[in-house]
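For what it's worth, the numbering used here labels the leading residue of the sequence shown as 4, then goes sequentially. Ideal Cβ positions, reconstructed from N, Cα and C, are used throughout, including at glycine. Structure first, commentary second.
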Amino acid sequence: DGEYVEITNLDSSPVDMTGWAYGTAAAPGTVSLSGFGTLAPGESAIVTDVTAAEFRSDWGLTDSVKVVNDGSTALSKGPKTIYLYDAGNTTVDSVTYASGFLSGKGVSAWVDAAHVGAKADTTGWTISTTGDSEASWTSATKSVGSPGISTLSSRSTAAPDVAITEFAYGGLAAGANGDGEYVEVTNVGRTPTDMAGWSYTTTAAAPGPVSLSDFGVLAPGESAIVTDLTPAEFRAEWALSDSVKVVNDGSTALSKGPKTMYLYNAADALADSMTYASGFLSAKGVSAWVDAAHLGAKADTTGWTISTAGDSEASWTSAHGAVGSPGASSFGIHAASTVHTAPGGGTTPPPPTDPNYADVVINEITSDNDGIGFAPLPTMSDAIELYNTGTHTVSLDGWRQVDSGPAMSAAVFSAGLYVNGVLSTSIPAGGYGVFQSTAGLSSGGDAVKVYTPDGTLVDELDYLAGQAGVDEGVNVDHTYKALAACPDGSNAFLEVPSASFGGSNVNACADGVPPLTTGAAPEAPCQTEDSGDAPGTVPTSALTWPGDPSPATIDAQCSWVTTESGQDLSGLAFDPANANVLYAVKNKSHVYRLLNSDGTWVKDTANGWAAGKDIRFPGGTGAPDSEGLTVGPDGALYVTTERDNDNSNVPLDSILRFDPTSADATLTATEQWVLTSDLGFAPTDAADANLGFEGVTYVPDSFLVSQGFRTDAGALYDPADYPGKALPGLFFGAVEKTGHLIAYALSSDHSFTRVADVSSGLLGVMDAQFDPDLGEIWAHCDNTCGNATGLLKIGTDGHFTVDHYYARPANLPNYNLEGFAVAPVSTTVDGQRQVLWTDDGNRFGHSLWAGTIPVVVPTPVATLSVTTATPGQALTLTVTGLTPGTGYEADLHSAPVFLGKGVASSSGTLTLIVTIPVGTAAGEHTITISPTADPSTIVATVALTVRGILASTGADPQSALAAGAILLLLGAVSLLARRTRRRRS
4 DGEYVEITNL
14 DSSPVDMTGW
24 AYGTAAAPGT
34 VSLSGFGTLA
44 PGESAIVTDV
54 TAAEFRSDWG
64 LTDSVKVVND
74 GSTALSKGPK
84 TIYLYDAGNT
94 TVDSVTYASG
104 FLSGKGVSAW
114 VDAAHVGAKA
124 DTTGWTISTT
134 GDSEASWTSA
144 TKSVGSPGIS
154 TLSSRSTAAP
164 DVAITEFAYG
174 GLAAGANGDG
184 EYVEVTNVGR
194 TPTDMAGWSY
204 TTTAAAPGPV
214 SLSDFGVLAP
224 GESAIVTDLT
234 PAEFRAEWAL
244 SDSVKVVNDG
254 STALSKGPKT
264 MYLYNAADAL
274 ADSMTYASGF
284 LSAKGVSAWV
294 DAAHLGAKAD
304 TTGWTISTAG
314 DSEASWTSAH
324 GAVGSPGASS
334 FGIHAASTVH
344 TAPGGGTTPP
354 PPTDPNYADV
364 VINEITSDND
374 GIGFAPLPTM
384 SDAIELYNTG
394 THTVSLDGWR
404 QVDSGPAMSA
414 AVFSAGLYVN
424 GVLSTSIPAG
434 GYGVFQSTAG
444 LSSGGDAVKV
454 YTPDGTLVDE
464 LDYLAGQAGV
474 DEGVNVDHTY
484 KALAACPDGS
494 NAFLEVPSAS
504 FGGSNVNACA
514 DGVPPLTTGA
524 APEAPCQTED
534 SGDAPGTVPT
544 SALTWPGDPS
554 PATIDAQCSW
564 VTTESGQDLS
574 GLAFDPANAN
584 VLYAVKNKSH
594 VYRLLNSDGT
604 WVKDTANGWA
614 AGKDIRFPGG
624 TGAPDSEGLT
634 VGPDGALYVT
644 TERDNDNSNV
654 PLDSILRFDP
664 TSADATLTAT
674 EQWVLTSDLG
684 FAPTDAADAN
694 LGFEGVTYVP
704 DSFLVSQGFR
714 TDAGALYDPA
724 DYPGKALPGL
734 FFGAVEKTGH
744 LIAYALSSDH
754 SFTRVADVSS
764 GLLGVMDAQF
774 DPDLGEIWAH
784 CDNTCGNATG
794 LLKIGTDGHF
804 TVDHYYARPA
814 NLPNYNLEGF
824 AVAPVSTTVD
834 GQRQVLWTDD
844 GNRFGHSLWA
854 GTIPVVVPTP
864 VATLSVTTAT
874 PGQALTLTVT
884 GLTPGTGYEA
894 DLHSAPVFLG
904 KGVASSSGTL
914 TLIVTIPVGT
924 AAGEHTITIS
934 PTADPSTIVA
944 TVALTVRGIL
954 ASTGADPQSA
964 LAAGAILLLL
974 GAVSLLARRT
984 RRRRS
């Protein structure tokens, strides 16, 4: 739970919300908003179905964000209309969104300034992604949004990006009698601010006499200090690390009051000011801080609070008794965004932060409640291991840790840190420190965040249900005990079956697996899918992938989310006219145009392509279930669809033509060829509605004719036999249900002719690509076949046949990879060309993978030590390019005769000593090599000439025959004699 609706005061004046209401039906609304009180200009407030405390905790919000709990906001994926009513029951605003607009739980959307107001659709609304232009972030329960802060008018119309957030009169530093006063300024915006040219003063003249240029760039949430002490003196007084920026101005010129402070930006415009009355600061060493609702130019002290040790600003006491929280403002709407978090209340200053703190990283965690047997403790659950990656011992004195809660809740753990089995507050170089979580760790998914004493985030790690130990739904058999960095200190984590707290993870990592999940819990800000870990049915003759064994994702997280579907990509196709252009289609009515950018691919931003384009059937209707695409010689996109998603139980296998040069945001098909009847699918067969055309590729007539391609009827293919063809080539549609490619001649009148039916030998085909450089067709199957890929060539009989199968690259996960494309040879770099896969779904929010394959694709090659042999002769057979560790056999043809078998070496080489059987007829023969598990699949052949035994040169043929007869007779006598002796004995 935790759905919410955010409302924002867009006026320049405060609004009293008494009598206002929210609802999902006609006025009056069912949820009273009177609890919001008065909304300041730019202030946002939240209606939610959880308690205010739960909501703020989940999203890391301060108490300044106003929250009303209504029991149920009654939202859904859609359709839905939500209403906002004023005290007179007049509709102030409403939003209607269609079915599926919010694709899953934890998905939110925000509106831009141009589309505020009553709307009947979601134009101008954007699905939130972490770090988007709305500054969205991820909640503790992995939802994504930005509740409590809107870019429409953040905080108030006059709110600055950098504001005065705290100040103190005088100070109590010994011998200084008035030293130590300060003014704190904080970047309250969402982007870094360069302070070059900014200034401070207590007079109204700009620029101020105190330059703030030395602050450099202030990160969002970062605070900096103007003081009359030196930076070293001030940091020592308040026990601050060097990371807190301090400028010495000689005198901040403060007093008990009255006083006004001014902050000017680089253009000498007033960025912020603060006026306080006589006696507001009652004595030296007294400070005051502002809450989030009262940032900006103020003529009074409304919203300002006198600091007390341990207050909600987490103020503490300085070395000489002053109280404040300099350098650590909790002003923010989003508390977790602050860079410096106050180190906590009390009179004892926090320890200094070790300058090498960044060398320490989270190395292993467990949420296991059964304990892990960590010596010297008998059991230790909810454990965390830190690893020092540097070359210096690092002090962790005063370090703090929290789970997914806000930073302000972090608690000191250093007193319970074990190093080499004993308590310690420091970790040596290359050492390991172990402690129990100060907040507990949930088996259902949580986080670990570690901070220095001054509140600097050292490292953090999020995990999902069951990834760090047993959970009710994942890892239920307790196989995996912990989540460990593999190797030590890296950002790559595996689930390991044996915990290794206090020492290296190397042995534990040897049996580790990628983090497990059911797919129910979100792994990314967008909805994710778990395609399982079944290996699929890989062809037994599949060869080792000849390219890079470790493809990687190259897309930014959640790059392909649209309003009609979640994160996914399906088909891929290179533009044959421009190798730097790639088209990608989603499986729900959307297509992207991508451009090559130094080997990776970015969305084209020209001609309306920035967010991709929706596609529709002819007439602009329907929602094509787009799966595959190819680019025709006319430059048009030809997209396959299995059905209309507006009528998803009815097969509608079609090829649609689109003009990619159109500037329209939605592309309407200019042509449609409906092929359902040719597949034999029943018009009402709901199962077949998702088993049709997954991919398509265009093959030119010129290639087919030159290679002697034949139709299924056996006739040589002649384009003239198909008058009225729309294009000079055939479209090969990839059928998921059968694993076949069907070649069609598409006519200009939207009729079609089936030319050939090609079996790929795979359980299914999800994408196909004609490769003009190889003169073959790639046929790709998804995780159903272990993501194996076949190459189809035109054989000597004129029909397409399987040339070779390739297993997926060794380190490519067996996800639901439905799209496949190989870059043209013209793009070759270092003898390799790029290969791309797409995930029709996604894991961890990524859907585009890239690897490589050599320009010259290695195939098995068989050679013999001699090419001519006699019956009974032994010879050496060598085969290269095989799959390492796989068994193969050799057979002599034409009538198959087994010669021998063996296992390919780690280099893919097989060497056999084979003997030509006695009695083999003289003439031309073939030796074939096949997988032992599938002798019918031939992966390589080699020719052999067998000759009979001939007489010596110059001999009399008749004499030779006579001698042969005598020898044969003697042999018979000898044989008879041997048999007789055996009988007698």
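C-beta atoms of residue i and residue j nearer than 8 Å
i: Glu-187; j: Pro-329; result: yes
i: Arg-596; j: Asp-607; result: yes
i: Ser-153; j: Thr-11; result: yes
i: Gly-211; j: Tyr-267; result: yes
i: Gly-622; j: Phe-696; result: no
i: Thr-756; j: Tyr-725; result: yes
i: Val-34; j: Val-53; result: no
i: Asn-423; j: Glu-388; result: no
i: Asn-786; j: Leu-820; result: yes
i: Pro-456; j: Pro-354; result: yes
i: Gly-951; j: Val-921; result: no
When the options are compared against residue i, the one with the closest alpha-carbon
i: His-323; options: Val-363, Ala-587 and Gly-183; result: Gly-183
i: Val-738; options: Leu-730, Val-761 and Thr-320; result: Val-761
i: Gly-911; options: Val-838, Ala-759, Ser-544 and Ala-877; result: Ser-544
i: Asp-551; options: Leu-221, Lys-740 and Leu-839; result: Leu-839
i: Trp-604; options: Thr-799, Leu-585, Val-858 and Thr-787; result: Leu-585
i: Asp-135; options: Gln-560, Asp-724 and Ser-657; result: Gln-560
i: Pro-857; options: Thr-831, Gly-875 and Thr-881; result: Thr-831
i: Trp-128; options: Thr-27, Tyr-100, Ala-495 and Leu-215; result: Tyr-100
i: Ala-116; options: Leu-867, Leu-694 and Glu-137; result: Glu-137
i: Gly-3; options: Leu-765, Ala-759, Ala-771 and Thr-799; result: Residue coverage of the chain in this structure runs from 4 to 988, which leaves residue 3 outside it and unanswerable.
i: Asp-937; options: Tyr-891, His-896 and Ser-908; result: Tyr-891
i: Leu-913; options: Leu-273, Gly-219, His-896 and Thr-931; result: Thr-931
i: Val-864; options: Thr-881, Gln-876, Lys-287 and Thr-855; result: Thr-881
i: Lys-904; options: Thr-886, Asp-275 and Ser-933; result: Ser-933
i: Pro-887; options: Thr-206, Thr-547 and Ser-573; result: Thr-547
i: Ser-446; options: Leu-795, Ser-79, Ala-468 and Leu-659; result: Ala-468
i: Lys-589; options: Thr-918, Gly-736, Ala-207 and Val-564; result: Val-564
Contacts around residue i, its chain only, beta-carbon distance under 8 Å, and the 5 residues preceding and following it disregarded
i: Pro-636; result: Pro-579, Tyr-701, Pro-703, Leu-730, Pro-731 and Gly-732
i: Thr-792; result: Trp-781, Ala-782, His-783, Cys-784, Tyr-808, Tyr-809, Arg-811 and Phe-823
i: Val-37; result: It should be pointed out that residue 37 corresponds to Ser in this sequence rather than to Val. Excluding residues within five positions, the ones whose Cβ falls inside 8 Å are Met-20, Thr-21, Gly-22 and Trp-23.
i: Thr-948; result: Thr-870, Thr-871, Ala-872, Gly-926, Glu-927 and His-928
i: Asp-667; result: Gly-611 and Lys-616
i: Thr-133; result: Ser-139, Trp-140, Thr-141, Val-147, Pro-528, Gln-560 and Cys-561
Own chain residues within Cβ distance below 7 Å of residue i, not counting five before or after
i: Pro-17; result: Thr-41, Leu-42, Ala-43 and Pro-44
i: Thr-992; result: It is not possible to answer for residue 992, since the shown part of the chain is limited to 4 through 988.
i: Glu-567; result: Gly-103, Lys-591, Ser-592, His-593 and Ala-626
i: Ala-958; result: At Ala-958 the pLDDT is 38, less than 50, meaning the model places this residue with poor confidence; the figure from the coordinates comes in the next sentence. Cβ neighbours of Ala-958 beyond the five flanking positions: none.
i: Asp-197; result: Val-220
Neighbourhood of residue i by C-beta distance below 6 Å, restricted to the same chain and skipping five residues each side
i: Glu-463; result: Lys-452
i: Gln-961; result: For Gln-961, the predicted structure reports a pLDDT of 37, less than 50, and the residue's modelled location is therefore unreliable. A value from the coordinates is still provided. For Gln-961, where only same-chain residues beyond five positions count, there are no Cβ hits under 6 Å.
i: Ala-209; result: Tyr-267 and Asp-271
Any non-hydrogen atom of the ligand SAH closer than 7 Å to residue i Cβ
i: Asn-817; result: The ligand SAH is not part of this structure, which contains no ligands at all.
Taking contact to mean 3 or more Cβ pairs, one atom from each stretch, closer than 8 Å, check whether the region 395-410 and the region 425-445 are in contact.
Flag = yes, the region 395-410 and the region 425-445 touch.
Inter-stretch contact (C-beta, 8 Å, three-pair minimum) for the region 817-837 and the region 574-588:
Flag = yes, the region 817-837 and the region 574-588 touch.
Three or more beta-carbon pairs under 8 Å between the region 554-566 and the region 849-860, yes or no?
Yes, since at least three Cβ pairs between the region 554-566 and the region 849-860 fall closer than 8 Å, the two stretches touch.
Complete runs of the beta strand (DSSP E) confined to the region 830-913 [at least 3 residues]
The beta strand (DSSP E) runs of length 3 or more contained entirely in the region 830-913 are, from start to end of the chain, 835-846, 849-857, 864-867, 877-883, 890-896 and 900-906.
Any contact between the region 481-488 and the region 498-511? By contact I mean 3 or more CB pairs, one from each, below 8 Å.
Three or more beta-carbon pairs drawn from the region 481-488 and the region 498-511 are found closer than 8 Å, and the two stretches are therefore classed as touching.
Do three or more CB pairs link the region 288-295 to the region 307-315 at distances below 8 Å?
Touching, yes, given that three or more Cβ pairs across the two stretches are closer than 8 Å.
Report yes or no: do three or more beta-carbon pairs, one from the region 352-367 and one from the region 384-403, lie closer than 8 Å?
Touching, yes.
Uninterrupted beta strand (DSSP E) stretches inside the region 40-79 (no shorter than 3 residues)
Within the region 40-79, the complete beta strand (DSSP E) runs of at least 3 residues are 47-51 and 69-72.
In chain order, which continuous runs of the beta strand (DSSP E) of length 3 or greater are located wholly inside the region 730-782?
The region 730-782 contains these whole beta strand (DSSP E) runs: 732-738, 743-749, 755-762 and 770-774.
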